[in-house]
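Just below is one structure, and these are the notes that go with it.
Numbering (UniProt numbering), first residue to last: 1 to 251.
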């Protein structure tokens, strides 16, 4: 009850603000849509955040980014909230493909909305952080291959911010099962136990055959609250440590 005024305010902004461009089409699959949040002052090209929401791979939706979009737009940043197919409409490879297409749309079209293509930042939260990281790693590997067709480049992303994400699915199966995302469902989302390593960015990047792909990645900053119980905070810490990345605790 106490949340209703705030929810109504956010809902009114989302549906009626002239600064919001809802459901911009970026692909031909269901849910291939994104929302754009534009600053009022568009006199010069603006920095851009491409945001991938969380939702346990099942209930993610682009509108979950409304509050972030509004606050950043008020500070002169364009925000693109990328929607993607959820399970059971799609499995993890579909989600990664959708998000990659959404990133491609932002990289190649944001200038027409007043964005600065040289200042694009990718942000993912929770399951969205995992999907966005998979899309980045997949793109880096493609760029290392010969004859791979790509529609965007890792070099177009200045920084990746992963918020409360999980990057090693092999180590998280039991944790999610205990939290109610049962093993059978989670493995269906991840396309079977044999695919867990493939969709674990931490595991993939430890493989020596992908050393060149690692060198292509943009700056990566992982943020994780230590009280998070949905995905333990040490998952972000252990993802960074093998690569000699410093870990800081902010009080």
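Don't be surprised by glycine CBs; every beta carbon is placed ideally from N, CA and C. Small disclaimer: the values here were computed from a predicted structure and weren't measured.
Helix, strand or coil for residue 16, going by three-state DSSP, please let me know.
It is helical.
What does the alpha-carbon distance come out to for the pair residue 77 and residue 50?
Those two C-alpha atoms are separated by around 11 Å.
Compare the Cα-Cα distances from residue 34 to each of 46, 56, 100 and report the closest residue.
Looking at the Cα atoms, 100 is the closest of the given residues.
For the 8 Å Cβ check, are there 3 or more pairs between the stretch 144-164 and the stretch 107-126?
Output reads yes: the stretch 107-126 touches the stretch 144-164.
What are the boundary residues of the alpha helix (DSSP H) that includes residue 197?
Run containing residue 197: none; DSSP gives neither H nor E here.
If you draw a straight line from the alpha carbon of residue 18 to that of residue 103, how long is it in whole angstroms?
So the two alpha carbons sit approximately 23 Å from each other.
Is the CB-CB distance between residue 134 and residue 212 below 9 Å?
No, they are not a contact pair.
Looking only at its own chain, which residues have a Cβ that is under 6 Å from the Cβ of residue 256, when we skip the five neighbours before and after it?
Because the chain is modelled from 1 through 251, residue 256 falls outside the range shown and cannot be assessed.
Let me check understanding here. Comparing Cα to Cα, which of 214, 152, 73, 181 lies closest to residue 45?
The residue with the shortest Cα to Cα distance from residue 45 is 73.
Would you report the Cα separation of residue 229 and residue 95, rounded to the nearest angstrom?
One C-alpha to the other measures close to 24 Å.
In whole angstroms, give me the CA-to-CA distance for residue 30 and residue 91.
Their backbone Cα atoms lie some 13 Å apart in a straight line.
Entirely within the stretch 72-125 and at least 4 residues each: give me those alpha helix (DSSP H) ranges in chain order.
Complete alpha helix (DSSP H) runs here, min 4: 92-109.
Within 10 angstroms of its Cβ, does residue 189 collect 16 or more other Cβ (buried), or is it exposed?
Residue 189 is buried by the Cβ-count criterion.
Please check the pair residue 70 and residue 13, which I expect to be a contact at CB under 8 Å, by giving their CB distance rounded to whole angstroms.
Going by Cβ atoms, the distance from residue 70 to residue 13 rounds to 6 Å, so yes, they are a contact pair.
Alpha carbons only, please: which of 202, 60, 204, 110 is nearest the one belonging to residue 21?
Cα-wise, what sits closest to residue 21 is 110.
Who are the Cβ neighbours of residue 140 in its own chain at under 7 Å, not counting the five residues just before and after it?
So the list reads 154, 213, 216, 217, once near-sequence residues are dropped.
Please report the distance separating the alpha-carbon of residue 129 from that of residue 207.
Straight-line Cα distance between these residues: approximately 21 Å.
Measure the alpha-carbon distance for residue 57 versus residue 86 and round it to whole angstroms.
Their Cα atoms are separated by approximately 6 Å.
Using a Cβ-Cβ cut-off of 6 Å (strictly less than) and excluding sequence neighbours within five positions of residue 105, which residues of its own chain qualify?
Cβ neighbours of residue 105 beyond the five flanking positions: 26.
With a threshold of 16 other CB atoms inside 10 Å of the CB of residue 84, please say whether the residue is buried or exposed.
Residue 84 comes out buried.
Suppose contacts are defined by Cβ-Cβ distances below 9 Å. Is residue 81 in contact with residue 55 by that definition?
Their beta carbons are not under 9 Å apart, which means residue 81 does not touch residue 55 by this criterion.
DSSP three-state label for residue 253, please.
Since the displayed the chain opens at 1 and closes at 251, residue 253 lies outside it and no answer follows.
Take residue 113 as the anchor and find which of 148, 175, 43, 177 has the nearest alpha-carbon.
It is 43 whose Cα lies nearest to the Cα of residue 113.
Quick check on this structure: which residue in 127, 201, 185, 41 has the alpha carbon closest to the alpha carbon of residue 231?
Answer by Cα proximity: 127.
Quick check on DSSP: helix, strand or coil for residue 220?
In this structure, residue 220 counts as strand in the three-state DSSP scheme.
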